[in-house]
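Undergrad:
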Amino acid sequence: MCGCSCDDCIDSVCCCIPYAIRSNIKPCLCILGVAVAVCAVITGIVILLAYGLPPRDVKITVEDASLTRFALVTTPTTALAYNLTVALTVRNPNWALGIKHDKPLEAAYSFDGQPFDRVKVADEGDKLGARKTVVYRLASGSADGRGVALGNAGEAEFRKQNATGVFEVEMALTGKFKYKLRYTKCKMEATCKLKLQLAPPGTTAVVFQKVKCELAKQEDKYC
Numbered sequence: 001m002c003g004c005s006c007d008d009c010i011d012s013v014c015c016c017i018p019y020a021i022r023s024n025i026k027p028c029l030c031i032l033g034v035a036v037a038v039c040a041v042i043t044g045i046v047i048l049l050a051y052g053l054p055p056r057d058v059k060i061t062v063e064d065a066s067l068t069r070f071a072l073v074t075t076p077t078t079a080l081a082y083n084l085t086v087a088l089t090v091r092n093p094n095w096a097l098g099i100k101h102d103k104p105l106e107a108a109y110s111f112d113g114q115p116f117d118r119v120k121v122a123d124e125g126d127k128l129g130a131r132k133t134v135v136y137r138l139a140s141g142s143a144d145g146r147g148v149a150l151g152n153a154g155e156a157e158f159r160k161q162n163a164t165g166v167f168e169v170e171m172a173l174t175g176k177f178k179y180k181l182r183y184t185k186c187k188m189e190a191t192c193k194l195k196l197q198l199a200p201p202g203t204t205a206v207v208f209q210k211v212k213c214e215l216a217k218q219e220d221k222y223c
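Here my numbering is used: position 142 in the sequence shown is 142, and no number is missing along the way.
1. If I follow the unbroken alpha helix (DSSP H) through G154, where does it start and stop?
2. Tell me which residue opens and which closes the beta strand (DSSP E) that A107 is part of.
3. Would you mind giving the Cβ-Cβ distance between P236 and Y222, rounded to the nearest angstrom? I have them listed as a contact below 8 Å.
4. Just how far apart, CA to CA, sit T61 and Y136?
5. Measuring only the C-alpha atoms, how far is E157 from L67?
6. Look at the alpha carbon of N83 and the alpha carbon of F116, and state the distance between them as a whole number of angstroms.
7. Does the beta-carbon distance from A65 to A87 come in below 9 Å?
8. What does DSSP give as the partner residue(s) for C223 in the beta ladder?
9. Would DSSP call R118 helix, strand or coil?
10. Within this structure, are the beta carbons of H101 and K176 separated by less than 9 Å?
11. Can you check DSSP and say which residues form a bridge with Q209?
12. I'd like to know whether the C-beta atoms of P93 and D126 end up nearer to each other than 9 Å.
13. Hey, how far is the Cα of A172 from the Cα of L215?
14. Among G165, A139 and E63, which one has its Cα closest to the Cα of L198?
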């Protein structure tokens with residue numbers, strides 16, 4: 001309709017463009033098309049790697065812990081009087097997936113297999129971004145003693161460890177979370193086995209070797 005003929009034009013508009021200009025534009029359009037195709041492929045691969053594959057497990061570590069009191073009270077009932085502080089880190093190693101706590105994250109302390117305290121670590125709805133680390137500083141204690149069913153064997157184990165000044169306390173973490181853009185609820189469960197040296201009188205802290213907590217195996221492949 002422009003009074004010109006073109007053999008290879010798909011769009012009639014190109015017939016209105018002089019041949020010399022068209023011959024220069026066509027290679028550029030080809031390169032642009034290849035670039036767009038490559039970008040689309042790369043974007044697809046990135047989305048697949050970020051959201052389509054099983055995510056990496058969170059990393060939970062006890063960076064520091066201090067025990068300034070750990071005493072056995074037997075009257076009127078068996079109890080533990082203690083002062084315990086813990087610095088707990090949770091790291092999300094995934095580079096694109098953030099997480100959101102679907103249920104509160106809690107930590108339960110136990111001695112010789114018997115629980116004696118439980119504290120809240122994170123609230124429901126709390127978020128942890130991709131490649132981010134959060135530090136939780138937990139403090140708990142009981143001056144008068146917290147009831148615990150140790151039994152004769154447990155009391156004997158307490159006396160044995162009390163003689164060395166090093167107590168073995170287990171911290172069990174339980175909670176649930178979801179990854180960003182996913183509906184699967186994943187469990188956040190881990191066990192941290194702590195060896196706590198009772199701080200000598202007149203001191204506030206002792207050397208603590210950080211502990212990598214052992215994660216429970218996930219039941220869903222997308223967790």
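Think of the CB as a built atom: it goes at the ideal place given N, C-alpha and C, for glycine as much as any other residue.
TA: Let's see:
1. For the purposes of this step, residue 154 is taken as residue 154 along the sequence shown, with counting starting at 1. Segment G151 to T164, the alpha helix (DSSP H) holding G154.
2. In the sequence shown, the residue the question calls residue 107 occupies position 107. Its beta strand (DSSP E) spans residues I99 to F111.
3. What is shown of the chain runs 1 to 223, which leaves residue 236 out entirely.
4. Along the sequence shown, one-based indexing puts residue 61 at 61. Along the sequence shown, one-based indexing puts residue 136 at 136. When rounded, the distance between both Cα atoms is 10 Å.
5. Counting from one through the sequence shown, the residue named residue 157 turns up at place 157. Counting from one through the sequence shown, the residue named residue 67 turns up at place 67. So the alpha carbons of these two residues sit roughly 18 Å apart.
6. The residue you call residue 83 lines up with position 83 of the sequence shown. The residue you call residue 116 lines up with position 116 of the sequence shown. Roughly 12 Å separates the two Cα atoms.
7. Indexing the sequence shown from 1 puts residue 65 at position 65. Indexing the sequence shown from 1 puts residue 87 at position 87. In this structure, A87 lies closer than 9 Å to A65 by Cβ.
8. Here residue 223 is taken as the residue at index 223 of the sequence shown, counted from 1. The partner list for C223 (beta bridge, DSSP) is empty, contrary to what the question assumes.
9. Within the sequence shown, the letter at position 118 stands for residue 118. Strand at R118.
10. In the sequence shown, residue 101 corresponds to position 101, counting from 1. In the sequence shown, residue 176 corresponds to position 176, counting from 1. For H101 and K176, yes; Cβs fall inside 9 Å.
11. Residue mapping note: residue 209 aligns to position 209 of the sequence shown, counting from 1. Q209 pairs with nothing; no bridge assigned.
12. Taking the sequence shown and counting its residues from 1, one reaches residue 93 at position 93. Taking the sequence shown and counting its residues from 1, one reaches residue 126 at position 126. No.
13. For the purposes of this step, residue 172 is taken as the residue at position 172 of the sequence shown. For the purposes of this step, residue 215 is taken as the residue at position 215 of the sequence shown. Each residue's Cα considered, the two are about 10 Å apart.
14. Residue 198 sits at position 198 when you count from the first residue of the sequence shown. L198 has its Cα closest to that of G165, out of G165, A139 and E63.
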